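First the structure, in the form of structure tokens, and then the observations on it.
In my numbering, the protein residues as written are 1467 to 1651.
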């Protein structure tokens, strides 16, 4: 309803052009955030099960802490792994080593398998762009910036793609005209 109300102030041509952009942006943001929550739930499950298996105190609390920290891109999982290793160290050195190994293996799978699948499908951003956007926005807005960086980058990409569409169409038309003009005798 809000979208319809806002587009009521624009010409029909603007609505026809920008409504799909808005819808694509909403899909990109929601897909990214839902994917991030799903990955965090998996991280929490891995942490909780490994904490329980290693006999750590309060495995459910450790799982919740891991899940919440995993929402922070790039550094959240590392902070959670340090906390898990320190808690495991209170149980025994072998438990701490085992937890470190489990977390390293899981983080490698998450970083190189799960996140690329989630972000590639959701926002179509390159890995470099993803890391750069997260670092820049985290330095400006902190944790909130890091969490919202990728969805906002997807929105910006969608808007810029549509804003440049008329020029790309004109350039393609000019190339066709110049190619047909040079072929004619």
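We put the CB at the ideal spot given by N, CA and C, even for glycine. These figures come from a predicted structure and were not determined experimentally.
Distance from the Cα of residue 1506 is smallest, within the candidate group 1596, 1635 and 1576, for 1576.
Taking 9 Å as the cut-off, the beta carbon of residue 1603 is found closer than this to the beta carbon of residue 1615.
Annotation: residue 1534 to residue 1509 spans about 9 Å, alpha carbon to alpha carbon. Judged by DSSP in its simplified three-state form, residue 1590 adopts coil rather than helix or strand. In this structure, the CA atom of residue 1570 is about 13 Å from the CA atom of residue 1549.
Around the beta carbon of residue 1605, a 10 Å sphere encloses fewer than 16 other beta carbons of the protein chains shown; the residue is thus reported as exposed.
In this structure, residue 1487 sits near residue 1624, with a CB-CB distance shorter than 9 Å. Contact check for residue 1547 and residue 1520: beta-carbon distance about 14 Å, past the 8 Å limit, so the pair fails to qualify. Pairing residue 1492 with residue 1563, the inter-Cα distance amounts to about 43 Å. When only Cα atoms are considered, residue 1568 and residue 1545 end up about 14 Å apart. Distance from the Cα of residue 1516 is smallest, within the candidate group 1554, 1607 and 1583, for 1554.
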